[in-house]
Amino acid sequence: MTEIVEYSWHQQAWHQVKTMQQQGRLPHALLISGIPGVGKRPFADRLVASLLCTQPDKDFNACGQCHSCQLLAAGSHPDHHQVSPEEAGKQIKVDQIRDLKQAQTLMPKVSRGKTVLITAADQMNISAFNSLLKLLEEPQPESVLILLSENSQQLPITIKSRCQTVVIATPDTEQALAWLQHTDMQFAEEEWLSLLKLSQGAPLAAMAAGEKGLQQSRQVMQDIALLMQAKANPVQMAAEWQQFDLKSVLYQIQNMMQTKIHQLLLAEDRVHDQILRQYWAIMDCISDTIKLISSQNNLNKILLIEDFMVTVMQHADQIRQLKETHG
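Numbering-wise, our numbering puts 99 at position 41 of the sequence shown, and it's gapless, one number per residue.
#1: Can you tell which of Ile319, Lys305, His320 has the C-alpha that lies nearest to the C-alpha of Asp346?
#2: Out of Gln300, Ala264, Leu262, which has the shortest C-alpha to C-alpha gap to Gln277?
#3: Would you check if the distance between the CB atom of Ile344 and the CB atom of His373 is smaller than 8 Å?
#4: Note down the Cα distance separating Phe366 from Leu350, rounded to an integer number of angstroms.
#5: Kindly indicate which residue of His135, Ala178, Gly122 has the alpha-carbon position closest to the one of Lys151.
#6: If we define contact as Cβ-Cβ less than 8 Å, is Lys116 a contact residue for chain B?
#7: Going by DSSP, what residue range makes up the alpha helix (DSSP H) through Ala87?
#8: For Arg104, does the count of other Cβ atoms within 10 angstroms reach 16, so buried, or fall short, so exposed?
#9: Met243 and Gly268 - do their beta-carbons sit closer together than 8 Å?
#10: By the 10 Å Cβ neighbour count, where 16 or more other Cβ atoms means buried, how is Lys98 classified, buried or exposed?
#11: Just tell me which of Trp338, Asn356, Ala120 has its CA closest to the CA of Thr317.
#12: So, Lys255 versus Asn313, is the Cβ gap smaller than 8 Å?
#13: Output needed for Met371: all residues of its chain with C-beta closer than 6 Å, excluding positions within five of it in sequence on either side, in chain order.
#14: Please report the distance separating the alpha-carbon of Gly92 from that of Ser210.
#15: Taking the beta carbon of Ser45 as the centre, do at least 16 other beta carbons fall within 10 Å, making it buried, or is it exposed?
#16: For Pro143, which residues of its own chain have a beta-carbon under 7 Å away from its beta-carbon, when the five flanking residues on both sides are left out?
#17: Using the beta-carbon count (16 or more within 10 Å), is Gln239 buried or exposed?
#18: DSSP three-state call for Gln239: helix, strand or coil?
#19: Below 6 Å CB to CB, which residues in the same chain sit around Ile204 once its five sequence neighbours on both sides are set aside?
#20: Ends of the beta strand (DSSP E) at Val96?
#21: Can you check whether the CB of Gly95 is closer than 8 Å to the CB of Pro261?
#22: If I follow the unbroken alpha helix (DSSP H) through Gln80, where does it start and stop?
#23: What residue range does the alpha helix (DSSP H) around Gln373 cover?
#24: Rounded to the nearest angstrom, what separates Ser201 and Gly171 at their Cα positions?
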């Protein structure tokens, strides 16, 4: 059963699709992008419900009462199709897209048109992308394809150029914090802020991290201090980090480095400039490691994190030498 949920930080994106619909220029394909934890799927579910509803209101919200809305809520709407990886972490197969293309040739049975929701749209092989491209090039009348992606940069330009992009923006810290403090989870403001740092500011990801995320945050802070002091064992620490969400670990370290860089930018001397370059190098290493972890390549994550830690320790050693040389 699909529950329609609205979030305050969705207002701008919803206004975008509502305006296109009211002006009669809603495209046949939409790409909904945003970082993990901002509610792309709930937004897409709300949009699907509104597109299929026989009597949406003036703000383009589904009525929730008509036959179409009831069928969608029950998960049995004949005019809605969903395509997802068959297993978590796996790719969408070309046969799934071929089956979708066949289903798209049928006329709508209940609603005025049809909807398709493709989750993890960036997780396709080349054959699946090519098959999807043909569907985008020859769209069916009154049919809307909705693609969800956390890594839209991995989508071929031929796919992206045929979709209207709707970005679910990350709320600012104040808005995210206000929403989190009204949930059933009772954390102190400082704890919520720590969880937001783990999740790039995404409220739903921060809430999902919960107590485990706070434990991770405390452990990572201790570990980074050891790395910067060259007192860590990268082999042992990299193995321990495998229990964590590695991307959230890297986001936390990225936030810590950003804070340090900001402090150094306020200081005006040449020594700080040299130290600053070492912190920027660490930031580059963090970005490169995040990209590798996010890729579809089957990488050895333990070795990847070990290399990352060794690089951080090398730059930390340069920082210590600069401080010792210049007092």
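All C-beta atoms in this analysis are idealised placements derived from N, C-alpha and C, irrespective of residue type, glycine included.
The short version:
#1: Residue numbering aside, residue 346 sits at position 288 when the sequence shown is read from its first letter. The residue with the shortest Cα to Cα distance from Asp346 is Lys305.
#2: Taking the sequence shown and counting its residues from 1, one reaches residue 277 at position 219. Looking at the Cα atoms, Gln300 is the closest of the given residues.
#3: Your numbering for residue 344 matches position 286 in the sequence shown. Your numbering for residue 373 matches position 315 in the sequence shown. No, these two residues do not count as a Cβ contact at 8 Å.
#4: As a working mapping, residue 366 is identified with position 308 in the sequence shown. As a working mapping, residue 350 is identified with position 292 in the sequence shown. Straight-line Cα distance between these residues: approximately 11 Å.
#5: Taking the sequence shown and counting its residues from 1, the one referred to as residue 151 is at position 93. Cα-wise, what sits closest to Lys151 is Ala178.
#6: The question asks about chain B, but that chain is absent: this structure has only one protein chain.
#7: To locate residue 87, count along the sequence shown from 1; it is residue 29. First-last for Ala87: 87-91, but that is the beta strand (DSSP E), not the alpha helix (DSSP H).
#8: For this step, residue 104 is matched to residue 46 along the sequence shown. Buried, because 16 or more other Cβ atoms sit within 10 Å of the Cβ of Arg104.
#9: Locating residue 268 in the sequence shown gives position 210, counting from the first residue. Locating residue 243 in the sequence shown gives position 185, counting from the first residue. In contact: Gly268 and Met243 (Cβ atoms closer than 8 Å).
#10: Numbered from 1 along the sequence shown, position 40 holds the residue referred to as residue 98. Buried: at least 16 other Cβ atoms inside 10 Å.
#11: Locating residue 317 in the sequence shown gives position 259, where the first residue counts as 1. Of the candidates Trp338, Asn356, Ala120, the one whose C-alpha sits nearest the C-alpha of Thr317 is Trp338.
#12: Position 197 of the sequence shown, counting from 1, holds the residue named residue 255. Position 255 of the sequence shown, counting from 1, holds the residue named residue 313. The answer is yes: Cβ separation under 8 Å.
#13: Residue numbering aside, residue 371 sits at position 313 when the sequence shown is read from its first letter. Excluding positions up to five away in sequence, the list reads Leu285, Ala288.
#14: Here residue 92 corresponds to residue number 34 of the sequence shown, with the count starting at 1. Here residue 210 corresponds to residue number 152 of the sequence shown, with the count starting at 1. Approximately 8 Å between the Cα atoms of the pair.
#15: Residue 45 lies beyond the stretch modelled for the chain, which goes from 59 to 385, so this question has no answer here.
#16: Looking up residue 143 in the sequence shown gives position 85. Gln149, Ile150, Ala178, Gln181, listed in sequence order.
#17: Counted from its first residue, the sequence shown places residue 239 at position 181. Burial check for Gln239: the Cβ neighbour count within 10 Å stays below 16, so the residue is exposed.
#18: Numbered from its first residue, the sequence shown carries residue 239 at position 181. In the structure shown, Gln239 sits in coil (DSSP, three-state: anything other than H, G, I, E or B).
#19: As a working note, residue 204 is residue 146 in the sequence shown. Result list for Ile204: Leu88, Ala102, Leu175, in chain order.
#20: To locate residue 96, count along the sequence shown from 1; it is residue 38. Bounds of any beta strand (DSSP E) do not take in Val96, whose DSSP letter is neither H nor E.
#21: Taking the sequence shown and counting its residues from 1, the one referred to as residue 261 is at position 203. Taking the sequence shown and counting its residues from 1, the one referred to as residue 95 is at position 37. Yes.
#22: Taking the first residue of the sequence shown as position 1, residue 80 is located at position 22. Note, Gln80: alpha helix (DSSP H), 69-80.
#23: Position 315 of the sequence shown, counted from the first residue, corresponds to residue 373. At residue 373 the sequence reads His, which differs from the Gln that was named. Note, His373: alpha helix (DSSP H), 359-383.
#24: Here the question's residue 201 lines up with position 143 in the sequence shown. Here the question's residue 171 lines up with position 113 in the sequence shown. One Cα belongs to Ser201, the other to Gly171, and the distance between them is close to 5 Å.
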